[in-house]
Amino acid sequence: MRQITHTLITNTNGPGLYEITVAVKNWCLKQGMEEGLLTLFIQHTSASLTIQENADPDVCRDLQDFFAHIAPENGPYRHTDEGPDDMPAHIKTALTQVQLTIPLRQGVPALGTWQGIYVFEHRQHRQSRRVVMHLLGD
Amino acid sequence: MRQITHTLITNTNGPGLYEITVAVKNWCLKQGMEEGLLTLFIQHTSASLTIQENADPDVCRDLQDFFAHIAPENGPYRHTDEGPDDMPAHIKTALTQVQLTIPLRQGVPALGTWQGIYVFEHRQHRQSRRVVMHLLGD
Amino acid sequence: MRQITHTLITNTNGPGLYEITVAVKNWCLKQGMEEGLLTLFIQHTSASLTIQENADPDVCRDLQDFFAHIAPENGPYRHTDEGPDDMPAHIKTALTQVQLTIPLRQGVPALGTWQGIYVFEHRQHRQSRRVVMHLLGD
């Protein structure tokens with residue numbers, strides 16, 4: 001059994017879901033493992049990871065709206081120094097994932113038919129987001 | 139160290155929490171490992187995984203009500219083609235888990251006294267849900 | 277490749293976020309692995325795990341307020357036998373994490389600059405919380 005780690009950079013430009021499925025799959029394929037365990041870990045507290053339907057793009061827009069509604073920018077926050085979008089971004093991160101672990105099947109993550117892997121950006125300004133990918137297997 | 143993967147099928151019949159603790163434990167025991175890491179991954183975007191109290195069944199009903207309230211069927215969604223319960227199902231999935239990773243202890247997942255593992259079904263109609271189980275250990 | 281498991285106890289005294297980053301890092305360092313995968317699993321259904329900003333303590337207070345608002349003690353719950361804070365605690369646990377898996381980098385979890393690991397206590401009374409730590413690597 002062996003392991004390998006790599007950091008995937010995703011540049012974002014405002015709130016929304018940025019699909020990284022193809023980049024993740026391709027990196028896994030390059031490692032040439034058959035069976036194993038993939039872990040994705042985002043090194044931020046104002047962007048997160050989620051697995052969602054990648055068929056109808058309206059699903060991602062509706063998700064974004066839901067989270068904007070549940071954690072609004074004008075909420076009664078103490079932490080406002082980093083801008084009105086920062087505390088909502090921390091809340092949205094807490095409500096979703098910083099980490100996803102997915103078994104490999106035939107060298108790629110065993111995703112369901114409609115599942116895509118996304119970086120969920122919660123900040124208004126351009127960001128460069130780091131996702132550590134760790135693969136363990138044979 | 140060795141690894142093994144298996145898919146557990148759970149048939150659901152409407153929204154709610156379906157406990158899979160016994161099925162998961164039994165599968166782990168059959169693999170005859172002492173120490174290891176179990177990963178459960180659900181291959182869907184309208185059903186999810188959660189660990190909750192399995193003592194009082196009212197906890198599961200209250201959880202279901204909470205999520206129905208926070209992501210109602212009559213919300214202002216763009217994505218309505220697959221029925222009024224589909225977009226709320228995606229939101230509920232985003233708010234809970236698609237994946238759980240649990241250390242093994244003496245061959246079974248190291249759950250706390252009151253913890254049960256559940257498939258959380260968010261759709262109204264009958265479904266057949268696939269949970270990939272991956273076990274790594276000795 | 278080898279694995280090791282240990283249980284970290286965190287004593288809590290009322291709702292809030294209790295940082296465990298240093299305890300987790302120190303335990304990892306002691307194991308003397310260079311590369312690997314760390315899994316944290318909390319054995320409770322009324323306290324959870326989260327990764328959040330550990331720079332401004334107001335972030336943790338705002339998070340706690342957000343969750344108190346979204347899952348209030350006076351909600352329409354069936355499950356009230358264990359006190360008014362118990363069902364909200366289960367909901368807050370469902371909305372956050374019971375488990376975190378983080379790749380190691382140079383022997384410690386590959387956290388981002390501002391990321392801290394927290395036990396998120398949701399109950400009013402003193403508790404002793406168990407987090408199982410599992411490390412796998414070389």
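Residue numbers (the numbering used here), protein chains in the order written: chain A, 1 to 138; chain B, 139 to 276; chain C, 277 to 414. Cβ coordinates follow ideal geometry from the N, Cα and C atoms, glycine included.
Taking 8 Å as the upper bound on Cβ-Cβ separation, chain A lies near residues M225, H228, I229, T231, A232, L233, Q235, V236, Q237 and T239 of the segment 222 to 240 of chain B. Boundaries for I158(B): no alpha helix (DSSP H) harbours it, and the DSSP string shows neither H nor E there.
Residue contact check for T50(A) against chain B: a CB pair falls below 8 Å. Nearest CB-CB separation between M277(C) and chain A: below the 8 Å threshold. Against chain C, the beta carbon of D196(B) has neighbours under 7 Å at R354 and H355, listed in chain order. Taking a 10 Å sphere around the C-beta of S404(C), we find fewer than 16 other C-beta atoms and assign the residue as exposed. Contact with chain A is found for Q181(B), since one of that chain's Cβ atoms lies less than 8 Å from the residue's Cβ. Rounded to the nearest whole angstrom, the CA to CA distance from L100(A) to H272(B) is 14 Å.
Here N212(B) carries a coil assignment [DSSP, helix/strand/coil]. Under a criterion of Cβ atoms nearer than 7 Å, no residue of chain A is adjacent to V269(B); the nearest Cβ is some 11 Å distant. When C-beta distances to chain A are compared with 8 Å, the residues of the segment 201 to 212 of chain B below that value are I208 and A209, in chain order. At least one beta carbon of chain A lies nearer than 8 Å to the beta carbon of T177(B). For M139(B), the three-state secondary structure derived from DSSP is coil.
Per DSSP, A94(A) is one residue of the alpha helix (DSSP H) stretching across D86 to L95. Assignment of Q265(B) by DSSP, reduced to helix, strand and coil, places it in the strand class.
A Cβ of chain B is located within less than 8 Å of the beta carbon of G137(A). Interface criterion met: the Cβ of T143(B) is under 8 Å from a Cβ in chain A. Within the model, the alpha-carbon separation for I180(B) versus P210(B) is close to 23 Å. CA-to-CA, the gap between E34(A) and G174(B) works out to about 19 Å.
At least one beta carbon of chain B lies nearer than 8 Å to the beta carbon of H410(C).
Rounded to the nearest whole angstrom, the C-alpha separation of G75(A) and I9(A) is 31 Å.
Contact between Q279(C) and L412(C) holds, with the beta-carbon distance rounding to 4 Å and staying under 8 Å. The beta strand (DSSP E) runs of length 3 or more contained entirely in the segment 160 to 205 of chain B are, from start to end of the chain, 174 to 180 and 185 to 191. DSSP, reduced to helix, strand and coil, places H345(C) within a helical segment of the structure shown.
Beta-carbon to beta-carbon, R402(C) and T283(C) are separated by about 19 Å, too far to satisfy the 8 Å threshold. Within 7 Å of the CB of A323(C), no CB atom of chain A is found; the nearest one sits about 14 Å away.
Residues of the segment 245 to 257 of chain B with a Cβ closer than 9 Å to any Cβ of chain C, in chain order: P247, A248, L249, G250, T251, W252, Q253 and G254. Note on Q244(B): under 16 other CB atoms within 10 angstroms of its CB, so exposed under the neighbour-count rule.
Just so you know, the alpha carbons of T251(B) and Q400(C) end up roughly 20 Å apart. When the Cα atoms are used, Y18(A) and K301(C) turn out to be separated by approximately 31 Å. Residue range Q253 to E259 is occupied by the beta strand (DSSP E) that includes G254(B). Across the set G290(C), E397(C), P364(C) and P385(C), the C-alpha of P385(C) shows the shortest separation from the C-alpha of Q307(C). Residues of chain B whose Cβ lies closer than 8 Å to the Cβ of E35(A) are, in chain order, Q141 and T143.
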